[in-house]
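Trainee: All the letters of the sequence shown, read from the start, carry residue numbers 366 to 1125 under our numbering.
I am attaching a structure below and will ask some questions about it afterwards.
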Amino acid sequence: MARLPHAARLALSAGVLFLGTSTPLAAQRVSASSARMNRFVDSVLARLTLEEKLGQLTQYRGRFSLTGPQTPEAGAEDIRAGRVGSFLGVRGAAPTREMQQIAVTQSRTRIPLLFADDIIHGWRTIFPVPLAEAASFNPALAERTARIAAVEGAAAGIHWTFAPMVDITREPRWGRVVEGAGEDPYLGSAIAAAKVRGFQGASLRDSLSLMATAKHFVAYGAAEGGRDYNTTDVPLRTLHEMYLPPFHAAVNAGVKSIMAAFNQIDGVPMHANKALIDGVLRTRWGWDGILVSDYTGVMELLQHGLSADSGTVGRLSIDAGVDVDMVSNIFYKDLPREVRAGRLPVAVVDSAVRRVLRTKYELGLFDNPFKSSSEAREKALTLTSAHRAEARAAAQQSIVLLRNEGNVLPLAKSVKTVAVIGALADDARSALGGWAAAGRPEDAVTVLVGIRKAVGADTRVLYAPGAPVEAADTTGFAEAVRIAREADVVVMVVGEHQDMSAEARNRSSLDVPGVQQQLVERVHAVGKPTVAVLMNGRPLSIPWMVQHVPAIVESWYLGVEHGNAVADVLFGAVNPSGRLPITFPRTVGQVPIYYNHMNTGRPSDEKERYTSKYFDIPFTPLYAFGHGLSYTTFRYSAPTLSRSKGTTADSVTVSVTVTNTGARSGDEVVQLYVRDDAGSVSRPVKELKGFRRISLAAGASETVTFRLTPDELSFYGAQYRRVIEPGTFTIMVGPSSDRVQSTTLELTGRTRVLDARSIR
Ligand code: NOJ
């Protein structure tokens, strides 16, 4: 027999023909050309009943995937009957193969299944949580870790990941702040695009690629009060300038799937938001991938109050542009009625089915439905030493040195006795962070283990948990104080356990939880040099520590290599280089506080009463966006422009020379900010428009240049169109959003319209 695609061989050997026609489905040769693909897809579509079409739009959950109300799992009979198009949370080469076998040999349609999962920051090799990885300000690194996650996930039979989460947020109380890249749309866009490239690889057909999903569309991170799922109140310009850009970047990077968000905007829940899904995504941006609902998102339109009838909400949802119904089962159960009653044109269903079939085609599943399910490969490609090495590098670059008074850090490896204190120091699950896919605590190196491995044979490492993370139990304080007294240096690991920064894990306080703060104060009173290592998935308000504890290391949740990377930084094998991707407030009462805010008519001023601030605390944050220290020092020259005057059509180059003025090599993240000094509408006080991570040996200099294009100087003007207006712009460069030097650019000429379409 001539070599046929796998599914074709399979179908033929099983002696089955598609729908009783003379042409076995998978024997139809597929080619890369989209015309052929569309013909193929149409031919498949033409043979499906209405129920089978809706089956393609239906996603069931497997047993790993409960992230909302209990919903039914599908069994073999559902697959055979064509009631399932995709699965969430069926994992592993063997189980996916078994279910795929049923779909392609026993169902009437023979259409392969899609297997989806939440592969957020690694599959089994767990990398830093996304907020931490964003602190690396290193999109190339973010791309590499996504690639490895894809290799491992695909080898475990998965085709489709529900990542990256590209939600911008200014809400540290929100539990899911941990899953995104922080507060800034420019950084968020760079990371979003990198993640998509990494997950999807060079081609979706590749057996080691995953289809990526940019989520949650849109403004999910703007939940009022930081309460997950909550209503948002987002002005149009803010929507288009802050929340939409990372989605646009993901679309431009070729993302094949986007997930709708649970929130509503201006009264319209996103699962029925035709203006944004159909209007912005599909029409304005020309995106043609799969729009998947969130978990029970279609059903939740009932609670949102759009209708009391599930057929109606299903119709509103598919009509708005939702293609796949994740676990609500409303499309399958209720849409046949809507179609047959003439309320829903079958063409709307067909468009959604086409997108799903095209995706299956592009993934190569009609050629080889088992393309990624091989137990041997799964074993060979999972948690390899190369993957672990990349995890360590990623973890090292994600650590942010917040404070280092008197150069307490790095510690000498020859130190006689180290006291390690804190329950989190020995908490492997927290080292991994939430959404750890197939990650296992036993794979993770804790801070305690990392320190033990890093020190020499003559160093004693003492350990006491001191206090639990959440409970108000002080019985361990005495032992913690005792070992601190015995030690030359104290490392306290405090913060949140991994399940405190996660979906639905919102906090009303940003303080270090439980009695850990008291523990730090008691141990600090012993008077030994003390280092605080924070583990957390959100900004914490730690004003006392910032006043009293000389060295503070933000370690977030760094994945399998957490403890090794922390020890690398503590003992100086690695010079820290991460930067905060989100503002750290002094207290929760300052929230929302973010660097790219508007000036107001009465800008904050400590000395002036009638200005925008609280009277009981400074108006500045505890740590600004972009903050992060190093064991060396860097000097910046004043920024210079290729031209200080130009027109609204010109690009300009900004240059700055950075010199390592310290005694050791290190990485620096050079940041470029811009302010439009006067516009037809108010503009933020500064906006990130470029960043570059550079490595400099001691004494070395490098001139960094950024190209500022008209696009980067544009905004949605008074007419809600993207424009660049003449006038002056303050161009700022520095190591952090609150430490910049500036120069002025003047643009003359007319207001230039970059996009004539109004967003209104
Ligand atoms: C709900 C979450 O909001 C979403 O991000 C996730 O992908 C789904 N559950 C599936 O687990």
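Ideal Cβ positions, reconstructed from N, Cα and C, are used throughout, including at glycine.
Closest by CA to Asp309, which one among Tyr959, Arg1086 and Val1069?
Mentor: Since the displayed the chain opens at 366 and closes at 1125, residue 309 lies outside it and no answer follows.
Trainee: Starting from Thr1022, follow the beta strand (DSSP E) in both directions and report where the run begins and ends.
Mentor: The residue labelled residue 1022 in the question sits at position 657 within the sequence shown. It spans Val1017 to Asn1025 - the beta strand (DSSP E) in which Thr1022 sits, taken as one unbroken run.
Trainee: Could you check what DSSP says for Glu438 in three-state terms: helix, strand or coil?
Mentor: Against the sequence shown, residue 438 aligns to sequence position 73. It is a strand residue.
Trainee: Taking all protein chains shown into account, decide if Ala983 is buried (16 or more other Cβ within 10 angstroms of its Cβ) or exposed.
Mentor: Start at 1 with the first residue of the sequence shown, and residue 983 comes out as number 618. Sequence inspection shows Pro at residue 983; the Ala mentioned does not correspond to that position. With fewer than 16 Cβ atoms within 10 Å of its Cβ, Pro983 is classed as exposed.
Trainee: Mapping the DSSP letters down to three states, classify Val309 as helix, strand or coil.
Mentor: As shown, the chain starts at 366 and ends at 1125. That puts residue 309 outside it, with no answer to give.
Trainee: With distance defined between alpha-carbon atoms, name the residue in Gly1044, Ala717 and Thr998 nearest to Gly450.
Mentor: Residue mapping note: residue 450 aligns to position 85 of the sequence shown, counting from 1. Nearest option by C-alpha distance: Ala717.
Trainee: Measuring only the C-alpha atoms, how far is Val1088 from Thr998?
Mentor: Position 723 of the sequence shown, counting from 1, holds the residue named residue 1088. Position 633 of the sequence shown, counting from 1, holds the residue named residue 998. Taking the straight line from one Cα to the other gives about 39 Å.
Trainee: Just to confirm the assignment, what range does the beta strand (DSSP E) spanning Glu919 have?
Mentor: In the sequence shown, residue 919 corresponds to position 554, counting from 1. Per DSSP, Glu919 belongs to the beta strand (DSSP E) from Ala916 to Glu919.
Trainee: Spatial neighbours of Glu740 within its chain, please: CB distance less than 7 Å, with the 5 preceding and 5 following residues excluded, ordered by chain position.
Mentor: Counting from one through the sequence shown, the residue named residue 740 turns up at place 375. Ala458 and Ala459, listed in sequence order.
Trainee: Closer than 7 Å to a non-hydrogen atom of the ligand COA - does that hold for the CB of Glu868?
Mentor: Among the ligands present in this structure, namely the ligand NOJ, the ligand COA is not found.
Trainee: Taking the C-alpha atoms as reference points, what is the distance between Glu1111 and Ala758?
Mentor: Here residue 1111 refers to the residue found at position 746 of the sequence shown. Here residue 758 refers to the residue found at position 393 of the sequence shown. Distance between the alpha carbons of Glu1111 and Ala758 is about 42 Å.
Trainee: Measure the C-alpha to C-alpha separation of Ala391 and Pro477 and round it to an integer number of angstroms.
Mentor: Within the sequence shown, the letter at position 26 stands for residue 391. Within the sequence shown, the letter at position 112 stands for residue 477. Confidence in Ala391 is poor, its pLDDT being 44 and thus under 50, which makes the residue's placement unreliable; the coordinate value appears in the next sentence. In a straight line, the C-alpha of Ala391 is about 10 Å away from that of Pro477.
Trainee: Please state whether the Cβ-Cβ distance between Glu1077 and Ser1045 is less than 8 Å.
Mentor: Position 712 of the sequence shown, counting from 1, holds the residue named residue 1077. Position 680 of the sequence shown, counting from 1, holds the residue named residue 1045. Cβ atoms of Glu1077 and Ser1045: not closer than 8 Å.
Trainee: If you reduce the DSSP assignment to three classes, tell me which class Ile523 lands in.
Mentor: In the sequence shown, residue 523 corresponds to position 158, counting from 1. In the structure shown, Ile523 sits in coil (DSSP, three-state: anything other than H, G, I, E or B).
Trainee: To the nearest angstrom, report how far apart Arg967 and Ala777 are at their CA atoms.
Mentor: For the purposes of this step, residue 967 is taken as the residue at position 602 of the sequence shown. For the purposes of this step, residue 777 is taken as the residue at position 412 of the sequence shown. Cα-Cα distance, rounded: 49 Å.
Trainee: Whole angstroms is fine: what's the gap from Ser920's alpha carbon to Val765's?
Mentor: One-based indexing of the sequence shown puts residue 920 at position 555. One-based indexing of the sequence shown puts residue 765 at position 400. Cα-Cα distance, rounded: 7 Å.
Trainee: Applying the criterion that 16 or more other CB atoms from any shown protein chain within 10 Å of the CB defines a buried residue, is Thr388 buried or exposed?
Mentor: In the sequence shown, residue 388 corresponds to position 23, counting from 1. Residue confidence for Thr388 is low, a pLDDT of 39 falling below 50, so the modelled location carries little weight and cannot support an answer.
Trainee: Using the C-alpha atoms, what's the distance from Arg541 back to Arg1126?
Mentor: Only positions 366 to 1125 of the chain appear in this structure, which leaves residue 1126 out of reach.
Trainee: Rank Asp653, Pro710 and Val939 by C-alpha distance to the C-alpha of Leu1126 and give the top, closest one.
Mentor: Outside the shown range of the chain (366 to 1125) lies residue 1126, about which nothing can therefore be said.
Trainee: Taking its Cβ as the centre, do 16 or more other Cβ atoms sit within 10 Å of Ala376, making it buried, or is it exposed?
Mentor: For this step, residue 376 is matched to residue 11 along the sequence shown. Legend: pLDDT at Ala376 = 39, less than 50; position of this residue unreliable, value from coordinates given subsequently. By the neighbour-count rule (16 or more Cβ atoms within 10 Å), Ala376 is buried.
Trainee: Just to confirm, does Leu656 get its C-beta within under 7 Å of one of the non-hydrogen atoms of the ligand NOJ?
Mentor: Residue numbering aside, residue 656 sits at position 291 when the sequence shown is read from its first letter. Not so, every heavy atom of the ligand NOJ lies at least 7 Å from the Cβ.
Trainee: Does the ligand NOJ have a heavy atom nearer than 7 Å to the CB of Lys580?
Mentor: Taking the sequence shown and counting its residues from 1, the one referred to as residue 580 is at position 215. It does: the Cβ of Lys580 is within 7 Å (strictly closer) of some heavy atom of the ligand NOJ.
Trainee: Expressed to the nearest angstrom, what Euclidean distance is found between the alpha-carbon atoms of Ala1065 and Gly1027?
Mentor: Residue 1065 sits at position 700 when you count from the first residue of the sequence shown. Residue 1027 sits at position 662 when you count from the first residue of the sequence shown. Cα to Cα, the separation comes out at about 10 Å.
Trainee: Can you round the beta-carbon distance between Val826 and Val783 to whole angstroms, since I take them to be within the 8 Å contact cut?
Mentor: Counting from 1 along the sequence shown, the entry for residue 826 is found at position 461. Counting from 1 along the sequence shown, the entry for residue 783 is found at position 418. Going by Cβ atoms, the distance from Val826 to Val783 rounds to 5 Å, so yes, they are a contact pair.
Trainee: Take the Cβ of Glu971 as the centre, count every other Cβ of all protein chains shown within 10 Å, and call the residue buried at 16 or more, exposed below.
Mentor: Reading the sequence shown from its first residue, position 606 is the one you call residue 971. By the neighbour-count rule (16 or more Cβ atoms within 10 Å), Glu971 is not buried but exposed.
Trainee: Quick check on DSSP: helix, strand or coil for Ala481?
Mentor: Numbered from 1 along the sequence shown, position 116 holds the residue referred to as residue 481. If DSSP states are grouped into helix, strand and coil, Ala481 belongs with the strands.
Trainee: Say yes only if the C-beta of Tyr922 is nearer than 7 Å to one or more non-hydrogen atoms of the ligand NOJ, and no if none qualify.
Mentor: Position 557 of the sequence shown, counting from 1, holds the residue named residue 922. Checking the Cβ of Tyr922 against the ligand NOJ gives no.
Trainee: Relative to the C-alpha of Leu730, which residue among Leu1119, Met402 and Thr1108 is closest?
Mentor: The sequence position of residue 730 within the sequence shown is 365, counting from 1. Nearest option by C-alpha distance: Met402.
Trainee: Could you tell me whether any non-hydrogen atom of the ligand NOJ is closer than 7 Å to the CB of Leu776?
Mentor: One-based indexing of the sequence shown puts residue 776 at position 411. No.
Trainee: Met624 and Val657 - do their beta-carbons sit closer together than 8 Å?
Mentor: As a first step, residue 657 is located in the sequence shown; it is residue number 292 there, counting from the start. As a first step, residue 624 is located in the sequence shown; it is residue number 259 there, counting from the start. Closer than 8 Å, so yes.
Trainee: According to the neighbour-count rule (16 or more other Cβ atoms, all chains shown, within 10 Å of its Cβ), is Lys1054 buried or exposed?
Mentor: What you label residue 1054 is simply residue 689 of the sequence shown in a count that begins at 1. So Lys1054 counts as buried.
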